[in-house]
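J.: Structure provided below as structure tokens; questions to follow.
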Amino acid sequence: MSLFKVYPLNPIAITKAAGSRVWDDKGQEYLDMYGGHAVISIGHTHPHWVKRIEDQLHAIAFYSNSVVMPIQEQLASALNEMSGKKDFQLFLCNSGAEANENALKLASFHTGRKKIVAFKKSFHGRTSLAVAATDNPSIVAPVNETDNIIFLPFNDIAALQAYFATQGKEIAAVIIEGIQGVAGIHEATDEFLQAIRKVCDEFGAVYIADSVQCGYGRSGKFFAHDHAGVNADIYSMAKGMGNGFPIGGILIAPHIQAKFGMLGTTFGGNPLACAAALAVIEVMQKENLIKAAEVMGAYLMNALKNMDGVKVVRGRGLMIGFEMEEGLEDVRKVLLSDLKIFTGEAKPNVIRLLPSLAITKEDIDLFLTGLNKAIQLLKQKKD
Ligand SMILES: Cc1ncc(COP(=O)(O)O)c(C=O)c1O
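Counting from 647, one number per residue, gives the positions in the sequence shown under my numbering.
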């Protein structure tokens, strides 16, 4: 049987990982500035994370959500403390798309309304409503097309207010990434997020902060939306939450009340996933990784801004995008093939850096030296 080919693949088989390093099946070492797509928060195979999952595996891996699970309660209180969203409630699921799907569905249940405001170039996942709220028609199947989603321009306060002034009473939710990832690292401005809070309050709509990629400390605060000094009504989370163990969730403001049957899941919140997520929080606290993301991110961004050949640098914390000057677009390929450094991309020409929040200054310097070398190699080829 062959695999269903939905991704263009690098011909590299990664079989081992530790911290910010991965190794292929031939023993070649790579520096991982991509974090498996923003998933590796505390570092690959962190010993505490491995032990917590191993211990849990010996106790119990799974039981259904029909019984009380103390480990879910532990995770909820750890998340309350870590995020500062004190009285919020937690619903657990398995992925980012699922988190957004549940957030949107919950907003609709809560308001009794159907319309969702999303933004140009947004990405919210590939399940039915999440993909419909994603501004990329090429990944929306005909069955997922709906008039219930409206795409407004990103960071355009006037357009947002004008739309709410006429349609506000029909809108169930506004969904927005604090920093757009797939779009190429574009930050929502503080003023824009504050304006969303205001119109949602005025018209009774739910503010959903898609924090799947930009959340979990990556931006230098627990949620990227926190930089704007506003609270959302629902935060969706996944990627960094389990450091590679599949888990997602939504944090739900206290005024949104649950009813039996509203949301549900078989695997969401299983003990193994909760153990992985608790390990992540414990390590983030012990190693002060949110602060580290802020400090290392600022160091990396500053160095990039001063590097010859780099045209634009955007982002916050360890969620960084940059573009190269003309003629140097292949730098990402050279980084991988010649310098053995993994980076991410955002089409057409943004290089995305989403390393572990535990990346060291030495590894950042290694990356910067590698990038410089890759630029020189490309320049030599051109001459
Ligand atoms: C902002 C954002 N939301 C949602 C998702 C979907 O997450 P998942 O792939 O876990 O379903 C992603 C994935 O890249 C994302 O970047």
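Even glycine gets a Cβ: it sits at the ideal position worked out from N, Cα and C.
Is L806 buried or exposed, if buried means 16 or more other CB atoms sit within 10 Å of its CB?
T.: In the sequence shown, residue 806 corresponds to position 160, counting from 1. Per the 10 Å Cβ criterion, buried.
J.: Let me have the residue list for ligand 1: C-beta closer than 6 Å to any non-hydrogen atom, ordered along the chain.
T.: S741, G742, A743, N746, F769, H770, G771, E823, G827, V828, D856, V858, Q859, A884
J.: Helix or strand or just coil, what does DSSP make of R864?
T.: Position 218 of the sequence shown, counted from the first residue, corresponds to residue 864. In this structure, R864 counts as coil in the three-state DSSP scheme.
J.: For A921, which residues from the same chain have a beta carbon less than 6 Å from its beta carbon, with the 5 sequence-adjacent residues on both sides left out?
T.: For the purposes of this step, residue 921 is identified with residue 275 of the sequence shown, where counting begins at 1. Only R698, I699, Q702 meet the Cβ criterion.
J.: Could you work out which residue in I785, K767, I688 is closest to S774 when comparing CA atoms only?
T.: For the purposes of this step, residue 774 is taken as residue 128 along the sequence shown, with counting starting at 1. Minimum Cα distance to S774 is reached at I785.
J.: Helix, strand or coil for R843, going by three-state DSSP, please let me know.
T.: Locating residue 843 in the sequence shown gives position 197, where the first residue counts as 1. It is helical.
J.: What is the residue span of the beta strand (DSSP E) that A819 lies within?
T.: Reading the sequence shown from its first residue, position 173 is the one you call residue 819. Where A819 is concerned, the enclosing beta strand (DSSP E) stretches over 817 to 823.
J.: Could you say which of A664, A659, A753 lies nearest to Y853 if we only look at CA atoms?
T.: By one-based count along the sequence shown, residue 853 stands at place 207. It is A753.
J.: Excluding the five sequence neighbours on either side, which residues of its own chain have a C-beta within less than 7 Å of the C-beta of H692, listed in chain order?
T.: Counted from its first residue, the sequence shown places residue 692 at position 46. Cβ within range, chain order: N889, V929.
J.: Quick check on DSSP: helix, strand or coil for V977?
T.: For this step, residue 977 is matched to residue 331 along the sequence shown. Helix, per DSSP.
J.: Looking at C-beta atoms only, is the number of pairs between the segment 880 to 898 and the segment 668 to 675 that lie closer than 8 Å three or more?
T.: no
J.: Is there contact between the segment 874 to 884 and the segment 904 to 921, where contact requires at least three CB pairs shorter than 8 Å?
T.: no
J.: Report yes or no: do three or more beta-carbon pairs, one from the segment 979 to 988 and one from the segment 947 to 964, lie closer than 8 Å?
T.: no
J.: Assess contact between the segment 725 to 742 and the segment 946 to 954, defined as three or more Cβ pairs (one per stretch) separated by less than 8 Å. Is contact present?
T.: no
J.: What's the C-alpha gap between A641 and K1028?
T.: Within the shown structure, residues of the chain are numbered from 647 to 1029, placing residue 641 beyond reach of any answer.
J.: How should A884 be labelled, buried or exposed, when 16 other C-beta atoms within 10 angstroms of its C-beta is the threshold for buried?
T.: In the sequence shown, residue 884 corresponds to position 238, counting from 1. Buried, since its Cβ has 16 or more Cβ neighbours within 10 Å.
J.: What does the alpha-carbon distance come out to for the pair H756 and S723?
T.: Residue 756 sits at position 110 when you count from the first residue of the sequence shown. Residue 723 sits at position 77 when you count from the first residue of the sequence shown. Each residue's Cα considered, the two are about 24 Å apart.
J.: Can you pull the DSSP bridge partners for I966?
T.: Here the question's residue 966 lines up with position 320 in the sequence shown. Its beta-bridge partners are G961, L999.
J.: Within the same chain, show all residues whose beta-carbon is closer than 6 Å to that of I927, passing over the 5 residues directly before and after it, in chain order.
T.: Here residue 927 refers to the residue found at position 281 when the sequence shown is read from its first residue. Cβ neighbours of I927 beyond the five flanking positions: A724, M728.
J.: When you compare the CB positions of I796 and V763, do they come within less than 9 Å of one another, or not?
T.: Taking the first residue of the sequence shown as 1, we reach residue 796 at position 150. Taking the first residue of the sequence shown as 1, we reach residue 763 at position 117. Result yes, Cβ atoms of I796 and V763 sit closer than 9 Å.
J.: Using a Cβ-Cβ cutoff of less than 8 Å, which residues in the same chain neighbour L935 once the five nearest sequence positions on both sides are dropped?
T.: On the sequence shown, residue 935 is found 289 positions in, with the first residue counted as 1. Residues of the same chain with a CB within less than 8 Å of the CB of L935, apart from the 5 flanking positions on each side, are S687, I688, G863, V929, L1003, A1004 in chain order.
J.: When DSSP labels each residue in this structure, what does H871 get in the three-state scheme?
T.: In the sequence shown, the residue the question calls residue 871 occupies position 225. Helix at H871.
J.: What runs of the alpha helix (DSSP H), each 4 residues or longer, lie entirely inside the segment 688 to 728?
T.: 693 to 705
J.: Only counting runs of 4 or more residues, tell me where the alpha helix (DSSP H) segments fall wholly within the segment 913 to 938, in order along the chain.
T.: Within the segment 913 to 938, the complete alpha helix (DSSP H) runs of at least 4 residues are 917 to 932.
J.: How far does the alpha helix (DSSP H) with D1009 in it reach, from first residue to last?
T.: The sequence position of residue 1009 within the sequence shown is 363, counting from 1. From DSSP, the alpha helix (DSSP H) with D1009 extends over 1007 to 1028.
J.: Mapping the DSSP letters down to three states, classify I831 as helix, strand or coil.
T.: Locating residue 831 in the sequence shown gives position 185, where the first residue counts as 1. It is coil, neither helix nor strand.
J.: Classify A855 as helix, strand or coil using the three-state DSSP reduction.
T.: The count along the sequence shown starts at 1 and reaches residue 855 at position 209. Correct three-state label for A855: strand.
J.: Which whole-angstrom value describes the C-beta separation of I621 and E837, a residue pair presumed to lie in contact below a C-beta threshold of 8 Å?
T.: No answer is possible for residue 621: the residues shown for the chain start at 647 and end at 1029.
J.: Give every residue of the same chain whose Cβ lies closer than 6 Å to the Cβ of P900, excluding the five residues on either side of it in the sequence, and list them in chain order.
T.: Along the sequence shown, read from residue 1 onward, the residue named residue 900 stands at position 254. If we look at P900 and ignore the five residues flanking it on each side, its Cβ neighbours are D733.
J.: Is the beta carbon of V977 less than 9 Å from the beta carbon of I1010?
T.: Looking up residue 977 in the sequence shown gives position 331. Looking up residue 1010 in the sequence shown gives position 364. Taking 9 Å as the Cβ cut-off, V977 and I1010 do not qualify as a contacting pair.
J.: Taking the alpha helix (DSSP H) that Q813 belongs to, which residues open and close that run?
T.: Within the sequence shown, residue 813 is the residue found at index 167, counting from 1. Looking at the DSSP string, the run of the alpha helix (DSSP H) that includes Q813 is 803 to 813.
J.: Report all residues from its chain with a CB closer than 6 Å to the CB of V996; omit the five preceding and five following residues, and keep chain order.
T.: Locating residue 996 in the sequence shown gives position 350, where the first residue counts as 1. Same-chain partners within the cutoff: G830, G967, E969.
J.: Beta-carbon within less than 6 Å of E744's beta-carbon, same chain only, minus the 5 sequence neighbours each way: which residues are those?
T.: Locating residue 744 in the sequence shown gives position 98, counting from the first residue. Hits under 6 Å: G894.
J.: Would you mind sorting P917 into buried or exposed? The rule is 16 or more other CB atoms within 10 Å of its CB.
T.: For this step, residue 917 is matched to residue 271 along the sequence shown. With 16 or more Cβ atoms within 10 Å of its Cβ, P917 is classed as buried.
J.: So is P788 buried or exposed if we call it buried at 16+ other beta carbons inside 10 Å?
T.: Here residue 788 corresponds to residue number 142 of the sequence shown, with the count starting at 1. It counts as exposed.
J.: Considering just the uninterrupted stretch of the alpha helix (DSSP H) at L752, what are its terminal residues?
T.: Taking the first residue of the sequence shown as 1, we reach residue 752 at position 106. Taken as a continuous stretch (DSSP letters only), the alpha helix (DSSP H) holding L752 covers 742 to 757.
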